[in-house]
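Residue 5 is where the sequence shown starts when you use the working numbering, and the numbers rise one by one after that.
As structure tokens, the structure follows; a few thoughts come after it.
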Amino acid sequence: MTDNRYTRGPRVRVAAVIVRNGEILLAEHLKDGRAYYLLPGGGVDQGETLREALARELWEETRLDVTPGRLLFICESIAPDHSRHIIQLAFAADIEAEAMPSKGDDPRVSGAYFFPPEALPEMPLFPPMQETLVAGLRHGFPDAPPSLGNCWLAQ
5 MTDNRYTRGP RVRVAAVIVR NGEILLAEHL KDGRAYYLLP GGGVDQGETL REALARELWE
65 ETRLDVTPGR LLFICESIAP DHSRHIIQLA FAADIEAEAM PSKGDDPRVS GAYFFPPEAL
125 PEMPLFPPMQ ETLVAGLRHG FPDAPPSLGN CWLAQ
């Protein structure tokens with residue numbers, strides 16, 4: 005089965021960097037019985053702004069109402085065979101102080117959890133942006149969003 009999301013050129017993905025008490029929210033996905041993590045977010049639909057897409061995707065995955073903030077970084081993931089190209093824009097996002105993530109509609113997401121920076125280096129996080137996230141959590145994200153270049157994880 006062909007994944008049609010990748011047949012028309014690069015896919016734009018928005019992601020939220022939500023920090024609470026020094027911990028970051030990550031979406032857990034399960035594949036073949038193994039867990040891996042992503043920043044919560046997803047694809048931008050035709051006619052949707054980046055911030056609208058972020059709010060919609062966060063609701064679908066976590067049932068959280070978010071207020072998107074500034075762009076923190078850009079990350080491209082290009083498959084070695086050029087079959088897939090994902091441009092990810094990561095935004096700071098705020099949630100209500102008492103809000104907790106819960107399982108949303110997206111069947112690919114098994115849950116969303118907060119993790120401390122020290123847990124990130126050993127986690128299966130895709131794309132592999134642990135270093136950027138840990139530095140941002142510990143020291144703040146730069147004012148000018150860096151482009152992380154091609155972050156495809158070679159297998």
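Each residue gets a CB set at the ideal place from its N, CA and C atoms; glycine is no exception.
- Under the three-state reduction of DSSP, G140 is assigned to helix.
- By the Cβ test, the segment 65-80 is in contact with the segment 97-107, since at least three Cβ pairs between them sit closer than 8 Å.
- Excluding sequence positions up to five before and after Q134, its CB lies within less than 6 Å of the CB of L124, P125, all in the same chain and listed in chain order.
- Note on G51: under 16 other CB atoms within 10 angstroms of its CB, so exposed under the neighbour-count rule.
- Straight through space, the alpha carbons of R88 and C155 are spaced by roughly 12 Å.
- Note that the C-beta distance between V21 and A96 is below 8 Å.
- Within the model, the alpha-carbon separation for L93 versus R55 is close to 10 Å.
- Per DSSP, reduced to three states, the secondary structure at T66 is helical.
- For E27, same chain residues with a beta-carbon under 7 Å away, outside a window of 5 residues either side, are F118, F119, P120 in chain order.
- Taking each of E61, Y40, Y41 in turn and checking the Cα distance to V48, the smallest one comes out for E61.
- The Cβ-Cβ distance between D98 and G115 does not fall below 8 Å.
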